[in-house]
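Novice: Handing you a structure now.
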Amino acid sequence: MKSFLLFIFLFTSLFAFDYKLKPIKLNENSYYFYGKEEYFSKQNGGNIANCAFIITKNSVILIDTGSSYEYGIQVKKQIEKITNKPIKYIINTHHHPDHFLGNSAFSKGDIYATDFTKNEIEQNGDLYIVNLNNLIQNAMKDTKNKPPNIVLKSHELNLDGYKLKVLYFDGHTQSDLVLYDKNSKILYTSDLIFNKRTLATPHANIPKWINSLEELKKINYKILVPGHGVIDKTKLAINENIAYLKYLDSTLKNSAKEGLDIFEILEKPIPKEFKDFSMFKEEFERSVINLFPKYEKLHQK
Ligand SMILES: [Zn+2]
Numbered sequence: 179m180k181s182f183l184l185f186i187f188l189f190t191s192l193f194a195f196d197y198k199l200k201p202i203k204l205n206e207n208s209y210y211f212y213g214k215e216e217y218f219s220k221q222n223g224g225n226i227a228n229c230a231f232i233i234t235k236n237s238v239i240l241i242d243t244g245s246s247y248e249y250g251i252q253v254k255k256q257i258e259k260i261t262n263k264p265i266k267y268i269i270n271t272h273h274h275p276d277h278f279l280g281n282s283a284f285s286k287g288d289i290y291a292t293d294f295t296k297n298e299i300e301q302n303g304d305l306y307i308v309n310l311n312n313l314i315q316n317a318m319k320d321t322k323n324k325p326p327n328i329v330l331k332s333h334e335l336n337l338d339g340y341k342l343k344v345l346y347f348d349g350h351t352q353s354d355l356v357l358y359d360k361n362s363k364i365l366y367t368s369d370l371i372f373n374k375r376t377l378a379t380p381h382a383n384i385p386k387w388i389n390s391l392e393e394l395k396k397i398n399y400k401i402l403v404p405g406h407g408v409i410d411k412t413k414l415a416i417n418e419n420i421a422y423l424k425y426l427d428s429t430l431k432n433s434a435k436e437g438l439d440i441f442e443i444l445e446k447p448i449p450k451e452f453k454d455f456s457m458f459k460e461e462f463e464r465s466v467i468n469l470f471p472k473y474e475k476l477h478q479k
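Residue numbering for the sequence shown follows the numbering used here, beginning at 179 and increasing consecutively.
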């Protein structure tokens with residue numbers, strides 16, 4: 179039995195994890211890869227976030243790089259099937275590991291991020307790798323931390339003649355980058371939007387997040403590419419995310435006032451409007467455990 183298990187182990191570690199990535203077309207020159215609405219696991223190899231790319235006249239712009247070196251390699255292969263133009267520009271929207279740990283697959287090309295995101299990746303990238311080694315195991319093979327090399331400050335990027343509007347927000351983390359492509363009216367929101375996928379809040383500031391979403395509503399986009407979940411053309415996603423954040427905030431506030439404990443909060447039925455959100459139970463529980471002590475402290479003051 180032992181030698182059989184050893185054989186299985188050696189066999190699986192010989193082959194790269196297959197992400198089965200398929201780029202989904204947004205318009206003539208823009209695509210995205212849809213990440214599964216799941217938590218990190220051995221089975222999904224950490225393919226749980228969206229990333230996107232734009233093919234311009236002479237190059238390719240890639241927005242986020244996924245959870246691992248191997249994911250980045252497979253993204254690169256998929257892009258090379260569509261175009262022979264080089265991936266010259268990579269943008270990391272924020273410092274969560276499902277969005278930047280594929281950086282090391284791109285030996286060429288500049289990696290852009292805000293100052294905050296760049297620092298976080300420099301300081302915590304290796305820690306995220308250790309953590310994901312446990313969660314997704316084999317698929318993390320060869321993943322190294324490769325922090326961004328260019329700090330984004332301007333409100334417009336001109337990449338080989340292709341212009342992108344750069345918008346600086348916060349709320350999901352302390353620095354959430356949004357890109358707006360005026361040419362195609364495609365809005366890349368990073369993790370400010372989870373479309374029909376319950377929002378993840380480990381570094382969230384809920385009032386700031388709501389403010390950012392109110393600002394996003396002013397943009398006249400045609401297609402919204404969220405950090406998680408499918409694309410949105412209905413314009414409902416932003417309001418649904420605001421509604422969820424308000425629900426989470428008021429539930430935690432009222433529960434602190436009523437002196438409830440975490441178990442009593444988790445017993446509450448799921449409101450009708452969020453019944454079609456994936457991962458409600460898991461993410462709501464994670465948010466309550468993480469955020470409720472702060473609400474209790476605030477209430478005691
Ligand atoms: Zn995130």
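The beta carbon of each residue, even a glycine, is placed where N, CA and C say it ideally should be.
1. DSSP state of serine 465, grouped into three classes?
2. Quick check on this structure: which residue in Asn316, Val356, Thr321, Tyr473 has the alpha carbon closest to the alpha carbon of leucine 305?
3. If you draw a straight line from the C-alpha of glycine 339 to the C-alpha of serine 428, how long is it?
4. Decide if isoleucine 467 is buried, meaning its Cβ has at least 16 other Cβ atoms within 10 Å, or exposed.
5. Would you say the region 338 to 358 touches the region 291 to 306, given that touching needs at least three Cβ pairs under 8 Å?
6. Can you tell me which of Leu310, Asn312, Tyr247, Asp359 puts its alpha carbon nearest to the alpha carbon of isoleucine 239?
7. Run through DSSP, which three-state label would glutamate 442 get?
8. Any chance the region 402 to 422 sits against the region 440 to 447, with 3 or more Cβ pairs inside 8 Å?
9. Could you spell out the range, first to last residue, of the beta strand (DSSP E) harbouring phenylalanine 347?
10. Compare the beta carbon distance of threonine 376 and serine 456 with 8 Å and say whether it is the shorter of the two.
11. One question on the structure: do leucine 370 and leucine 391 come within less than 8 Å of each other, judged by their Cβ atoms?
12. Please report the distance separating the alpha-carbon of alanine 421 from that of asparagine 262.
13. Just verifying my parser: in three-state terms, what is the DSSP assignment at leucine 430?
14. If I measure Cβ to Cβ from aspartate 276 and keep anything under 8 Å in the same chain, skipping five residues before and after, which residues do I get?
15. Hey, is alanine 378 close to ligand 1, as in C-beta under 7 Å from one of its heavy atoms?
16. For phenylalanine 284, which three-state DSSP category applies?
17. What three-state label does DSSP hand glycine 303 in the structure shown?
18. Quickly, what does DSSP pair alanine 291 with across the bridge? List them, please.
19. Note down the Cα distance separating aspartate 410 from phenylalanine 193, rounded to an integer number of angstroms.
20. Of all residues in the structure, which have a C-beta closer than 5 Å to any heavy atom of ligand 1, taken in chain order?
21. Quick one: what does DSSP say tyrosine 422 is sitting in, helix, strand or coil?
22. Would you tell me roughly how many angstroms separate the C-alpha atoms of alanine 230 and lysine 341, rounded to the nearest one?
23. Is valine 329 buried or exposed, if buried means 16 or more other CB atoms sit within 10 Å of its CB?
24. I need the boundaries of the alpha helix (DSSP H) containing glycine 250, first residue and last residue.
25. Does the separation of the CB atoms of threonine 292 and tyrosine 346 fall below 8 Å?
26. Are the beta-carbon atoms belonging to serine 282 and lysine 324 less than 8 Å from one another?
Specialist: Short version:
1. helix
2. Thr321
3. 46 Å
4. exposed
5. yes
6. Asp359
7. helix
8. no
9. 340 to 347
10. yes
11. yes
12. 43 Å
13. helix
14. Gly213, Phe218, Gly224, Ile226, Ala227, Gly244, Ser245
15. yes
16. coil
17. helix
18. Val329
19. 36 Å
20. His274, Asp369
21. helix
22. 16 Å
23. exposed
24. 247 to 260
25. yes
26. yes
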